[in-house]
Amino acid sequence: MPTRPEPIGSTPGTLRRRLATLAMVVLAVCSVAAGASSPSLDALLTEADALRTSDPKQVDRLIGEIEKLVPSATPSQLVRVRMLRVHRAMTSGASETAVAELRQILTESNDAPTRFQAASMLANTQAILRNFEDALRALDTALPLAPQIEDRDLRHRGLMVAAIVYNQVGEYALAKRYAETVAADQPVARTRCAIASVTLEARNGLKMPFDDATAEQGLAQCEGEPIIAGFVRWHFARHMADSGRAADAIALLDGSLAAIEATGYPFLIAQYHALLAELTLATRDLQSAQRHVDSALAISQDAMSTEAIVKAHYVAYQLALRSGGEEAALPAYIRFAQAERTHFNDIKSREMAYQVVRHQSMQQAQQIELLHQKNQLLQLQQSVTEQRARNWLLLALVLVVLVASMGYWAYKTKRMQLRLKRMTETDALTGIFNRQHFSERARAVLLQCERDGVPAALVMFDLDHFKQVNDRYGHAAGDWALREVAAAVQPLCRGVDAFGRLGGEEFGLVLPGLDAAAAVRLASDAQARFAAIDTTAAGYAFRLAASFGVAEAGTGMYTFATLLSHADQAMYAAKHGGRRQVRVYTADAPDILVAGAVGRLRDSVGETAAPALRIVV
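full-length UniProt numbering applies: residue 1 is where the sequence shown begins, and numbers increase by one.
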């Protein structure tokens, strides 16, 4: 007789057995599902890692698929996912996001390979952000771990990051040495491609020549790696340009520009457009030069490349100069000068960063050694009490040496800063302000005068027949004369005045609080001082005199460029009027170019031209 199935709730024992069986089935299904998803996630991560520099769009698609599998990922897979996200953030321009994530990984992880990879990527990202001190400190974290890394490809990648960073801070020989070390250790194809890029950059930096075959071999190794291949082509094109092969360099860059823009890597895109702008300007393709300038400047904020910005602004200035003349090109020149100063500071900060971090590493090593000595001292105190005084004396001497060393380096650094400041502000020959610093001081002084409602005057003077001094007596005599002229004028200047050399034998003074009459008196005093200079000290007998132009700032006339133009016109009127005199610009005077032309015409027919401007001698 068949038995009837028991109801589920017939007895407590039966219910427990069935629930246990159900739990085992669910656990088995979950285990199978996890086992099925893990290989799929590993495969996606491996594929994305292989394409991380060659196909960013495909990597983005793979990341979308990977994110769906993250809830079932193992801890090791989660680390790989985080590293992949960070790398994509780096190549897409989100460097700050990458830095924050990498620092968190370094804080959380004690695993040597993970820390090595995170520290090397952090160094790379900080270099992109131009934070070179932080980049070098990250390398100090990564490089000591390199001998512990068994994964050859991972180790090679970290060492290549070191080579890239050292190239960025100007340590090209060190970068080349790291690249050669990796090259001798059987690297994979992608790493060989990176070695080619780093080596070419180091050779350019060291002024070491290389032939086209070397660069072409590097390109052949970078097949399927558009970003690194882009850097190889960029270094190759720079080499071509330096060798006078601008057309070849343009063809090389133009042929791959679309592929570079497709990578979405702002730094490399800006470098391509900036170099193409420079090259097309050299070949007189002004339309292309303007197009590349616009493209480079459009992406400059994301590119974090002061070199590309300087090149783009320089080409923009040259284009403005050719199309609209000097006055129209002045705003472009100002932007170029500002970019050039930023780039100069960037270069110096990179070089200084290496020295600072190296010094800090030495200091840290000294501190570690000092702590070691303290530990030895404690051990000796337990067993040899009679040596205590001698050991403390030794420790004091070490501390004195350490403090003296720190003071010495601080003194050297301060001296270097002061020297750099003098170099950027003063004229090397005369010791007075150079044109750039004079212009900055003049603008500041005029702005303050306008705010205070006080007069101001600008004086320009040009040494008469100075070319004849150079031609007859040599440039050494000319340089001596320029120094003497500057020394003669300086006692006439007050502390608030600005005195600078504008170029060649032209000088300028900005006199706050003085009107044109006072400026004329100062110019007359300077003229008298020039006449009193004994030129026999230079080994020759010649006279020194100058033509002066004076412009006074009036209502709405405190603009430096306007005053400089007016003083320049007055100075050239003094030149045309016979030299060795002072002329003051007046608003109702004819245009100086027309006046000069009329004067030369009348001279040619034996007539005396009427002065274009009011003369004050």
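Ideal placement from N, C-alpha and C gives every residue a C-beta, glycine not left out. Being a predicted model, the structure only gives us computed values, none of them experimental.
field: Contact between the segment 393-407 and the segment 461-481 (3+ Cβ pairs under 8 angstroms)
entry: No, they do not touch.
- prompt: Between the Cα of Ala215 and the Cα atoms of Arg579, Gly224 and Gly230, which residue gives the shortest distance?
  reply: When each option's Cα is compared against that of Ala215, the closest is Gly230.
message: Tell me which residues share the same chain as Glu101 and place their Cβ nearer than 8 angstroms to its Cβ, disregarding the 5 neighbours each side in the sequence.
response: Excluding the 5 residues flanking it on each side, Glu101 has same chain C-beta neighbours closer than 8 angstroms at Arg82, Arg85, Val86 and Ala89, in chain order.
message: So, at 6 angstroms on beta carbons, what are the nonlocal neighbours of Tyr540 in its own chain, with the 5 sequence-adjacent residues on each side left out?
response: Here Tyr540 has Tyr473 and Ala477 as same chain residues with Cβ atoms under 6 angstroms from its own Cβ, once five neighbours each way along the sequence are excluded.
message: Runs of 3 residues minimum, wholly inside the segment 485-544: which ones carry the beta strand (DSSP E) assignment?
response: Here the runs fully enclosed are 498-503 and 506-512.
query: DSSP three-state call for Gly549: helix, strand or coil?
result: Looking at Gly549 - three-state DSSP - the assignment turns out to be strand.
query: I think Leu145 touches Ala112, with their Cβ atoms under 8 angstroms apart; what is that distance to the nearest whole Å?
result: Distance from Leu145 to Ala112 at the Cβ level is roughly 5 angstroms; contact confirmed, criterion being Cβ atoms closer than 8 angstroms.
- prompt: Hey, would you say Ala531 sits closer than 9 angstroms to Ala545, going by beta carbons?
  reply: With a cutoff of 9 angstroms on beta-carbon distance, Ala531 and Ala545 are scored as near each other.
message: As a quick exercise: from Ala442, Asp242, Tyr172 and Pro226, pick the residue whose alpha carbon is nearest that of Thr562.
response: Answer by Cα proximity: Ala442.
message: Can you give me the C-alpha to C-alpha distance between Val520 and Phe433, rounded to a whole angstrom?
response: Distance between the alpha carbons of Val520 and Phe433 is about 22 angstroms.
- prompt: Quick check: the segment 441-455 against the segment 478-491, are there 3 or more CB pairs under 8 angstroms?
  reply: The segment 441-455 makes no contact with the segment 478-491: fewer than 3 CB pairs, one atom from each, lie closer than 8 angstroms.
field: Met24 to Thr74 span [Cα, whole Å]
entry: Low confidence applies here, because Met24 scores a pLDDT of 38, under 50, leaving its location unreliable and the question unanswered by this model.
field: As assigned by DSSP and simplified to three states, the class of Phe210
entry: DSSP, read as helix, strand or coil, puts Phe210 in coil.
message: Quick check on DSSP: helix, strand or coil for Leu200?
response: Shown here, Leu200 sits in a helix according to DSSP, grouped into three states.
message: Can you tell me where the beta strand (DSSP E) holding Ala183 begins and where it ends?
response: Unbroken run through Ala183 is the alpha helix (DSSP H), Tyr172 to Ala183; no beta strand (DSSP E).
- request: Tell me where the beta strand (DSSP E) around Val459 begins and ends.
  value: Here the beta strand (DSSP E) through Val459 covers Ala456 to Leu463.
query: Applying the criterion that 16 or more other CB atoms from any shown protein chain within 10 Å of the CB defines a buried residue, is Glu327 buried or exposed?
result: Classified as exposed, Glu327 has fewer than 16 neighbouring CB atoms from the shown chains inside 10 Å of its CB.
message: Please give me, in chain order, every unbroken run of the alpha helix (DSSP H) with length at least 4 that falls completely inside the segment 410-460.
response: Residue ranges of uninterrupted alpha helix (DSSP H) with 4 or more members, entirely inside the segment 410-460 and ordered along the chain, are 435-452.
field: Among Gly64, Trp480 and Cys193, the one whose alpha carbon lies nearest that of Arg536
entry: The amino acid occupying residue 536 in the given sequence is Thr; Arg does not appear at that position. Among Gly64, Trp480 and Cys193, the Cα nearest to that of Thr536 belongs to Trp480.
- prompt: Does the distance from the CB of Ile309 to the CB of Thr91 come in under 9 angstroms?
  reply: Using a Cβ distance threshold of 9 angstroms, Ile309 and Thr91 do not count as a contacting pair.
query: Quick one: what does DSSP say Ala583 is sitting in, helix, strand or coil?
result: The sequence as given places Arg at residue 583; Ala does not occur at that position. Of the three classes helix, strand and coil, the one that applies to Arg583 here is strand, per DSSP.
task: Kindly indicate which residue of Ser120, Thr283 and Tyr272 has the alpha-carbon position closest to the one of Ala247.
output: Ala247 has its Cα closest to that of Thr283, out of Ser120, Thr283 and Tyr272.
message: For a test of the three-state rule: what should DSSP assign to Thr125, helix, strand or coil?
response: Three-state result, Thr125: helix.
- prompt: Skipping 5 residues on each side, what residues in its chain have a beta carbon closer than 6 angstroms to that of Gly35?
  reply: Here the model assigns Gly35 a pLDDT of 41, short of 50, so the residue's position is not dependable, and the following value carries that caveat. If you ignore the 5 residues before and after Gly35, its C-beta comes within less than 6 angstroms of no other C-beta in its own chain.
query: In whole angstroms, what separates the C-alpha of Phe499 from that of Thr559?
result: Within the model, the alpha-carbon separation for Phe499 versus Thr559 is close to 17 angstroms.
message: Given a cut-off of 9 angstroms on the beta-carbon distance, is the pair Ser288 and Ile269 in contact?
response: No.
- prompt: How is Ile299 classed by DSSP in three states: helix, strand or coil?
  reply: Coil.
9 angstroms Cβ cutoff met for Leu492 and Leu522: Closer than 9 angstroms, so yes.
field: Test item: CB-CB of Glu225 and Arg190 under 9 angstroms
entry: The answer is yes: Cβ separation under 9 angstroms.
- prompt: Given a threshold of 16 other Cβ atoms within 10 Å of its Cβ, counted over all protein chains shown, does Gly13 qualify as buried or as exposed?
  reply: With a pLDDT of only 43 at Gly13, under the threshold of 50, the placement of this residue in the model should not be trusted; the figure read from the coordinates follows. Exposed, since its Cβ has fewer than 16 Cβ neighbours within 10 Å.
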